[in-house]
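Everything on this sheet refers to the single structure shown next.
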Amino acid sequence: MSNHFSGGLKRVFGLAFLMALAGGLRAQEGIIVPISDEGQIVIDCDAGETIYFVDDNSGSTDFQDPYSNNNFTITLCPSEPGDAVQVNFLSFDLQTNANPNNNDVLYAFNGSDTNADLVGAGTGNSFVGVSITASIDNPTGCVTFSLDVNNNATGGDVGWVAEVSCVTPCSYPEAGISLVSPAPFPDNPISVGVCPDETVTFDAGGSVPGAPEFPVDSLIWNWGDGSVETTAASDGFQLGHSYSEPGEYIVTLVVQDVNNCNSTNLLPHQVLVSTIPIFNTEVSTPLCEDAPGFLNGNPVQSITWTALPPVGVSELADLPDATGVAFTSELFIDFFDTDQVLEDCDDIELITANIEHSFIGDLSFWITCPDGTEVLLMDNGASGGPDPTGCTPQDLGGNDLGIVDVEGYDYSWNMDAEWVLDDSNNPDAASPMPSGTYLPCGDLCDFVGCPLNGIWTFNVIDQWAADNGTLYEWGIDFNPEIVPGVTTFTPVIGLEADSSYWHPVGDLDNILTPANLGVVEVSDDG
Numbered sequence: 000m001s002n003h004f005s006g007g008l009k010r011v012f013g014l015a016f017l018m019a020l021a022g023g024l025r026a027q028e029g030i031i032v033p034i035s036d037e038g039q040i041v042i043d044c045d046a047g048e049t050i051y052f053v054d055d056n057s058g059s060t061d062f063q064d065p066y067s068n069n070n071f072t073i074t075l076c077p078s079e080p081g082d083a084v085q086v087n088f089l090s091f092d093l094q095t096n097a098n099p100n101n102n103d104v105l106y107a108f109n110g111s112d113t114n115a116d117l118v119g120a121g122t123g124n125s126f127v128g129v130s131i132t133a134s135i136d137n138p139t140g141c142v143t144f145s146l147d148v149n150n151n152a153t154g155g156d157v158g159w160v161a162e163v164s165c166v167t168p169c170s171y172p173e174a175g176i177s178l179v180s181p182a183p184f185p186d187n188p189i190s191v192g193v194c195p196d197e198t199v200t201f202d203a204g205g206s207v208p209g210a211p212e213f214p215v216d217s218l219i220w221n222w223g224d225g226s227v228e229t230t231a232a233s234d235g236f237q238l239g240h241s242y243s244e245p246g247e248y249i250v251t252l253v254v255q256d257v258n259n260c261n262s263t264n265l266l267p268h269q270v271l272v273s274t275i276p277i278f279n280t281e282v283s284t285p286l287c288e289d290a291p292g293f294l295n296g297n298p299v300q301s302i303t304w305t306a307l308p309p310v311g312v313s314e315l316a317d318l319p320d321a322t323g324v325a326f327t328s329e330l331f332i333d334f335f336d337t338d339q340v341l342e343d344c345d346d347i348e349l350i351t352a353n354i355e356h357s358f359i360g361d362l363s364f365w366i367t368c369p370d371g372t373e374v375l376l377m378d379n380g381a382s383g384g385p386d387p388t389g390c391t392p393q394d395l396g397g398n399d400l401g402i403v404d405v406e407g408y409d410y411s412w413n414m415d416a417e418w419v420l421d422d423s424n425n426p427d428a429a430s431p432m433p434s435g436t437y438l439p440c441g442d443l444c445d446f447v448g449c450p451l452n453g454i455w456t457f458n459v460i461d462q463w464a465a466d467n468g469t470l471y472e473w474g475i476d477f478n479p480e481i482v483p484g485v486t487t488f489t490p491v492i493g494l495e496a497d498s499s500y501w502h503p504v505g506d507l508d509n510i511l512t513p514a515n516l517g518v519v520e521v522s523d524d525g
């Protein structure tokens with residue numbers, strides 16, 4: 000398996016870093032300070048009860064309610080001059096997006112307002128086990144948090160719970176992390192490619208304390224796959240991790256000193272775990288006795304991975320029959336940048352609907368983009384009449400789509416196809432119509448200038464009675480290159496030893512030229 004990758008590797012690395020929820024938290028008793036209190040809150044350093052800082056919908060001992068679609072800013076200050084507020088996150092879960100620029104983020108500032116130094120930005124589960132503490136250079140001892148909600152709080156993520164205390168002001172330690180093995184890409188020292196289940200090892204030996212009297216005590220490794228691992232500095236500064244699933248994982252390190260003060264510098268490293276290729280091996284079979292055989296390991300088909308999630312919606316909806324009213328299915332998209340529009344119609348690579356219907360001759364399909372622009376996919380007149388648009392003067396009538404009442408077929412549309420779905424001149428026309436890619440009646444380039452974020456709609460109208468059908472699902476394939484911050488890669492498999500080799504090493508004649516007639520079985524280990 001090759002550890003070399005090619006393709007459009009794009010990532011916006013800021014203080015926000017990607018993770019997932021680390022786990023739940025049991026109900027706690029104490030003083031609760033929700034971020035929705037806003038303004039400046041004085042923390043009683045001598046309080047007899049534990050003080051918890053939480054999201055806006057965790058205002059009770061049940062901390063599992065999702066946070067709302069609201070932005071808040073709050074400042075926590077110590078009641079005693081010379082002390083520093085420390086906020087230790089016990090649980091953290093903010094909604095992420097395929098476009099990391101659109102993640103929900105909790106920003107942390109070392110001071111009494113958002114003009115102070117930014118010392119952290121948590122999204123996903125990246126603040127689990129992390130402490131935010133006012134530094135020795137911050138005379139107020141305050142820390143400020145600002146929540147930026149970018150996803151309309153649609154994911155049901157439950158926010159956070161953090162314990163608040165008063166401590167000695169921090170001298171922030173500095174995290175240092177580097178790749179040990181395997182070697183990073185030559186042109187990118189913070190990115191590495193590995194095979195599934197291959198261990199990647201990091202070294203945090205470059206970490207330094209903020210002050211000699213506060214040595215580094217522990218290391219918090221966030222592996223980017225939902226797992227957070229805390230190790231003692233006394234156990235060493237090197238640690239390895241492996242990933243079983245192909246994809247992109249962002250690894251971050253936070254170091255903590257004996258004063259429970261955390262590093263604030265982020266050095267995210269990217270781990271790309273290869274997809275499994277398809278081996279199209281060719282072999283001569285059967286073989287004649289003592290005749291040479293042919294074994295070809297090429298071509299090998301590499302599989303592309305992208306962080307862009309499937310853009311589709313499941314319906315399993317019965318299509319209304321001859322009501323005169325269109326059935327609509329809405330697909331909400333939110334991973335593009337704000338105000339981003341479609342600039343090239345080729346960036347809509349495919350529109351696909353999985354559908355079954357007992358009669359094609361009375362159906363019309365069209366797509367509506369978020370600004371109301373419509374593009375017709377297939378056209379039919381009422382009661383089997385001519386297409387109102389003249390799309391296919393001689394179109395099909397009694398042909399089915401999919402297996403009626405049993406199975407939907409995938410029917411796709413783009414501008415590179417040759418035939419409209421119900422064109423009777425199509426030599427491959429059959430009943431049911433074969434799954435495949437078809438030409439729309441309209442022009443997908445009409446969507447140029449349309450907002451990409453928002454509600455896209457698949458519309459169906461059945462204009463003749465006595466038939467039925469089901470829309471199972473539909474979706475849109477966009478060019479991943481137009482989605483900001485989304486990583487896409489394709490492993491490259493060559494003919495050199497780092498990519499492919501014969502196993503066992505040596506003479507293969509005993510395998511390919513059998514001395515005796517019969518069937519030769521070759522085991523996986525050669």
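Numbering that gives the first Met the number 0 puts the first residue of the sequence shown at 0, with every later residue one more than the last. All residues carry an ideal CB built from backbone N, CA and C; glycine is no exception. No experiment lies behind these values; they were computed from the predicted model shown.
Worksheet item: Where does Leu-135 fall in DSSP's three states?
Response: In the sequence on display, residue 135 carries Ile and not Leu. Residue state, collapsed to three classes: coil.
Worksheet entry | For Asn-100, the three-state DSSP class (helix, strand or coil) | helix
Item to complete: Counting only the same chain and skipping the five closest in sequence on each side, list residues whose C-beta sits under 6 Å from that of Thr-74.
Response: Gln-39, Ser-111, Cys-141 and Thr-143
Item to complete: Tell me Met-377's beta-bridge partners as DSSP assigns them.
Response: Beta-bridge pairing links Met-377 to Phe-364.
Discussion item. Runs of 3 residues minimum, wholly inside the segment 125-175: which ones carry the beta strand (DSSP E) assignment?
Written reply: Within the segment 125-175, the complete beta strand (DSSP E) runs of at least 3 residues are 130-132, 142-147 and 158-166.
Item to complete: Please go through the same chain and pick out, in chain order, the residues whose beta-carbon is closer than 7 Å to the beta-carbon of Cys-440, but skip the five residues on each side of it.
Response: Leu-375, Leu-376, Met-377, Asp-378, Thr-388, Cys-390 and Val-419
Worksheet item: Between Ile-30 and Asp-92, what straight-line distance do the alpha-carbon atoms span, to the nearest angstrom?
Response: 21 Å
Worksheet item: Can Asp-476 and Val-257 be called in contact, C-beta distance under 8 Å?
Response: The answer is no: Cβ separation not under 8 Å.
Worksheet item: In whole angstroms, what is the alpha-carbon distance linking Ser-363 and Asp-317?
Response: 15 Å
Fill in: Ala-231: first and last residue of the uninterrupted beta strand (DSSP E) it sits in
227-231 is the extent of the beta strand (DSSP E) around Ala-231.
Fill in: Length of the line joining the Cα atoms of Ala-26 and Asp-55
Only weak support is given to the placement of Ala-26: the predicted model assigns it a pLDDT of 44, under 50, and the value that follows is read from those uncertain coordinates. Looking at the two C-alpha atoms, the distance is approximately 16 Å.
Fill in: Limits of the unbroken beta strand (DSSP E) element including Asn-221
215-221
Worksheet entry | 7 Å CB neighbourhood of Pro-77 in its chain, flanking five on each side removed | Ile-42, Cys-44, Ala-83, Val-84, Gly-140 and Cys-165
Fill in: Distance, Ser-206 Cα to Asp-336 Cα
36 Å
Fill in: Inter-residue spacing [alpha-carbon to alpha-carbon] between Thr-539 and Leu-349
The requested residue 539 does not occur in the structure, where the chain is confined to residues 0 to 525.
Discussion item. So, for Pro-185: in the same chain, excluding its five sequence neighbours on each side, which residues have a beta-carbon less than 6 Å away from its beta-carbon?
Written reply: none
Worksheet item: If you draw a straight line from the C-alpha of Tyr-51 to the C-alpha of Leu-443, how long is it?
Response: 53 Å
Discussion item. The beta strand (DSSP E) that contains Ser-90, what's its start and end?
Written reply: 83-92
Worksheet entry | Which of helix, strand or coil DSSP assigns to Phe-236 | Secondary structure at Phe-236: coil, using DSSP grouped into helix, strand and coil.
Discussion item. Please identify the residue among Ser-90, Tyr-437, Phe-488 and Ser-177 whose C-alpha is closest to the C-alpha of Ser-528.
Written reply: This structure does not reach residue 528, given that the chain is present from 0 up to 525, and the question cannot be answered.
Practice prompt. Please say whether Leu-271 and Ser-177 have beta carbons closer to each other than 8 Å?
Written response: no
Practice prompt. Taking the CB atoms as reference points, tell me whether Tyr-437 and Trp-473 lie closer together than 8 Å.
Written response: no
Worksheet item: If you check the beta carbons only, do Ala-107 and Gly-123 fall under 8 Å apart?
Response: Taking 8 Å as the Cβ cut-off, Ala-107 and Gly-123 do not qualify as a contacting pair.
Practice prompt. Spatial neighbours of Ala-416 within its chain, please: CB distance less than 7 Å, with the 5 preceding and 5 following residues excluded, ordered by chain position.
Written response: Excluding residues within five positions, the ones whose Cβ falls inside 7 Å are Thr-436, Tyr-437 and Leu-438.
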